[in-house]
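Only one structure is covered here, and it is reproduced in the block below.
In my numbering, the protein residues as written are 121 to 475.
Written as structure tokens, this is what we have:
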């Protein structure tokens, strides 16, 4: 699996500028041979919290934690082995499967550390240039490829930003290929890291490699507060952890009598007032007096129908309308009389125009 970017789903490449003195590029070669049932791969990570990408061993044997030099769509890169040599189903492979070039040498590791220093310097310079050009963008991270043929700046912004002059300015400073990549707010949180409302490090910076779709419906089904401050993460989006137990809740909800359903219990019939799907318990307002609330396990009750709330409300509204009708009629007569009196006492305009 090739590494296009750590942000393949939510990012937006705004500009990709290559100066006249830029380095060359690697030509992609498609593999047209028949694919076997399984393929030997090595899993490599480029960030501590990023995805693991598959590469062809190419005769290299590596174990977890080894540093390796690999060929990617972006060029030659330095990575860490997350999965040693192993066979995986061919269906999991996205061609072309690029090779592991070698186990990283001491010189490679030294160069990687030097590049890290250059990235910090590039970040500072780019931030200054953004200020000089007066652009509304927030710089998140600067990243060099291992062969220094490309320098990528990750940033966030409220909308599209015209930074063509900035790109040219950066290219003249760094004399390499410049790419500006806009990322979403969740990717920003993933890059920066931090502590969630639970007090633990962000899931996206520790183990969550892919962002999942989260909806307010998940919070409702888990009987959580719908106050946005309580169900939103530091990034301002709904917390990813709402998804973790969602499937379990869905299954338990199917087995639990819904609120307002009529049930038969060992102590009589009643209306379900409250449910606890995970605990399998429900609270029932007993029909005997309409006030007593008792708790039962869902396995000990039988749903016998739904509460006719709509019919009851319709009857109540009809009674209220009949009661209010004489009052409305009397009020109408009074308003009519008052309006007539005001009309008779109003002096006509001298010029015939309205006030």
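By construction, the Cβ of each residue, glycine as well, lies at the ideal position given by its N, Cα and C atoms. All figures in this text were calculated on a predicted structure; none of them were measured in a lab.
Looking at the structure shown, is residue i part of a helix, part of a strand, or coil, going by DSSP?
i	result
residue 273	strand
residue 287	helix
residue 303	coil
residue 295	coil
residue 266	coil
residue 312	helix
residue 382	strand
residue 412	coil
residue 251	helix
residue 175	strand
residue 143	Note on residue 143: pLDDT 41, under 50, position unreliable in the model; no value is reported.
residue 261	strand
residue 430	Low local confidence applies: a pLDDT of 40 at residue 430 is under 50, so the model's placement there is unreliable, and no value is given.
For residue i versus residue j, is the C-beta spacing smaller than 8 Å?
i	j	result
residue 362	residue 351	yes
residue 390	residue 407	yes
residue 353	residue 317	yes
residue 270	residue 194	yes
residue 164	residue 188	yes
residue 172	residue 185	no
residue 312	residue 249	no
residue 234	residue 158	no
residue 342	residue 371	no
residue 426	residue 382	yes
residue 287	residue 256	no
residue 210	residue 156	yes
residue 226	residue 264	no
residue 213	residue 174	yes
Ignore the nearest five residues each way along the sequence and tell me which others in residue i's own chain have a CB closer than 6 Å to its CB.
i	result
residue 308	260 and 276
residue 412	406
residue 384	422 and 424
residue 267	195 and 196
residue 273	246, 262 and 300
residue 294	271
residue 180	220
residue 323	360
residue 283	255
residue 403	393, 394, 413 and 415
So, for residue i: in the same chain, excluding its five sequence neighbours on each side, which residues have a beta-carbon less than 8 Å away from its beta-carbon?
i	result
residue 494	The question about residue 494 has no answer here: the residues shown for the chain are numbered 121 through 475.
residue 334	357, 358, 359, 360, 362 and 363
residue 285	253
residue 355	305, 306, 308 and 309
residue 182	162, 188, 201, 204, 205, 220 and 223
residue 379	392, 393, 394 and 395
residue 321	313, 314 and 315
residue 237	none
residue 401	395, 415, 416, 417 and 418
Could you pull out every residue in the same chain whose Cβ sits closer than 7 Å to the Cβ of residue i, ignoring the five residues on either side in sequence?
i	result
residue 224	187, 188, 189 and 198
residue 434	Any reading at residue 434 is ruled out, since the residue's pLDDT is 45, under 50, leaving its predicted position unreliable.
residue 397	369, 372, 373 and 376
Taking 8 Å as the threshold (beta carbon to beta carbon), is residue i in contact with chain D?
i	result
residue 375	Checking the listed chains, one finds no chain D in this structure; it contains a single protein chain.
### Query
For the stretch 216 to 223 against the stretch 238 to 246, are there 3 or more C-beta pairs whose distance is under 8 Å?
Contact between the stretch 216 to 223 and the stretch 238 to 246 is absent, because fewer than three Cβ pairs lie under 8 Å.
### Task
Can you check the stretch 180 to 241 for any beta strand (DSSP E) of at least 3 residues that lies completely inside it and give the ranges in chain order?
187 to 192, 195 to 209 and 220 to 223
### Query
Which ranges does the alpha helix (DSSP H) cover as unbroken runs of at least 4 residues, wholly within the stretch 314 to 378, from first to last along the chain?
323 to 326, 336 to 341, 348 to 351 and 366 to 375
### Query
Between the stretch 369 to 388 and the stretch 412 to 427, do at least 3 Cβ pairs fall closer than 8 Å?
yes
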